[in-house]
Amino acid sequence: MIIAALLLVATSLSARGLGQTRYFFSGDGKINIVGAKNGISFNGTYRLADGTYDPSAMEKIHSVFSAKYGIPGSEISTRFIEYLDYIQDHYNPKAKITIISGYRSPSYNTGLRNKGRLAAKASLHQYGMAADIKIDGVRAEDLWHFIRENNFGGAGYYHGTSVHVDSGPARFWDETTSGVGTDISDDNKLIEIVLDKDIYKPGETIKVRLTRATLFPVSASPNFSLEELSRSDKWKLKKTIRAKFSSNSGAECVSMKNIDEMTGISLDLPEKISSGRYRISVGFCGEMPESMPAIKESAAFEIR
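Just so you know, the working numbering puts 238 at position 238 of the sequence shown, and the rest follows in order with no gaps.
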């Protein structure tokens, strides 16, 4: 049941006393990480007591991932940082996380594929939502199983010393089931809609991005659906909200030519709306492959 699964997450969060965090999986706001390739490290507090994020800490964390803080399209997802913190705290809050592979630009990811490396065409590394990691004192296979048990994000294990972790849809794989090199993601079959937080207040702005696209342009209707989870465990349309796009297009079918353009989408929640569980759905339009979904729904989020 959808409600039962969501209540389980809420209960888990409450038990951990996560305070001001806006994510379902969060740690203590402190993280110890180092980049294997660039040698840059960060060991300290990144989330402040009021739930906001320290810009200087976040900039340093981005450097560890070889990403650029404040540059849309090349930032590390805050949800992903919080998730790594959550995983670290589960084992040992002081244990160091080594980032083997962090952010990858689309061109770099394509270069890896051209060299025959194990890099997915729709890789979430390109969206700042994934990393290959090691944690001091933790066996890679044990880490893989723990992430699988969370039923959140992706976990890939290639029977080496590191594990792929991401904050995308819940799924897991190894070197025999990864799907890399197949047509699993071709023609935008795996396209997703991702929101910037898991918990919002009435009237707040939701930042939206589309991910896992493999064929451009991607065209979408600006009229997004806000759906509410009812007591009978069914999604019902609450309101249609017109989204804003970075292209400032007033078109009824907005075309996005690359990952950066799929990042700059936002919509405003109603000022008066009841607390509960919601999701956002987007409809695609224009010319699209037959195997591409016509509508895609976000993961559930809360309004409190």
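Idealized CB from N, CA, C, for every residue including glycine.
In the DSSP assignment, His-164 is bridged to Asp-132, Gly-156. Three or more pairs of CB atoms, one per stretch, sit closer than 8 Å, so the stretch 53-71 contacts the stretch 34-44. If you look at Met-262, you'll find it in the alpha helix (DSSP H) that goes 259-263. In the DSSP assignment, the residues bridged to Arg-209 are Val-194. Secondary structure of Glu-59 (DSSP, three-state): helix. Cα atoms of Ile-259 and Ala-49: separation of roughly 33 Å, rounded to the nearest angstrom.
Distance between Ile-280 and Glu-227, taken at the CA atoms: about 6 Å.
Comparing C-alpha distances from Ala-170 to each of Arg-47, Leu-124, Ala-294 shows the shortest one belongs to Leu-124. Residues of the same chain with a CB within less than 6 Å of the CB of Thr-211, apart from the 5 flanking positions on each side, are Tyr-127, Glu-192, Val-194 in chain order. Taking a cut-off of 8 Å on C-beta distances, the stretch 174-188 does not touch the stretch 250-259, as fewer than three cross pairs fall below it. By the 16-neighbour rule on beta-carbons within 10 angstroms, Asn-109 is buried.
C-alpha of Gly-153 to C-alpha of Ile-133: approximately 14 Å in a straight line. The criterion of a C-beta distance shorter than 8 Å is satisfied by Gly-276 and Leu-229.
DSSP places Glu-75 in no alpha helix (DSSP H); its state is neither H nor E. With contacts defined by Cβ atoms closer than 8 Å, Tyr-69 and Glu-75 form a contacting pair. In the assembly as shown, Arg-242 is an exposed residue. Its beta-carbon has fewer than 16 other beta-carbons within 10 Å. As DSSP reads the structure, Val-180 sits in no beta bridge.
In chain order, Ser-255, Met-256, Lys-257 place their CB closer than 7 Å to the CB of Pro-217, counting only its own chain and leaving out the 5 sequence neighbours on each side. In the DSSP secondary-structure assignment, Asp-268 is bridged to Thr-205. Note that the stretch 155-166 does not touch the stretch 44-59; fewer than 3 beta-carbon pairs, one per stretch, sit closer than 8 Å. DSSP, read as helix, strand or coil, puts Asp-174 in strand. DSSP lists Glu-227 as the bridge partner or partners of Leu-237. Residues of the same chain with a CB within less than 6 Å of the CB of Phe-80, apart from the 5 flanking positions on each side, are Met-129, Ser-167 in chain order.
No residue range can be given for Thr-214, since it is assigned to no alpha helix (DSSP H) and is classified by DSSP as neither H nor E. Nearest neighbour of Ser-291 by Cα position, chosen from Thr-214, Asp-136, Gly-156, turns out to be Thr-214. If you look at Gly-286, you'll find it isn't in any alpha helix (DSSP H); DSSP assigns it neither H nor E.
Distance from the CA of Asp-28 to the CA of Pro-93, rounded to the nearest whole angstrom, comes to 8 Å.
Your pair Ile-135 and Gln-88 checks out as a contact, with CB atoms roughly 7 Å apart and the cut at 8 Å. A direct Cα-to-Cα measurement between Lys-234 and Ala-300 gives close to 12 Å.
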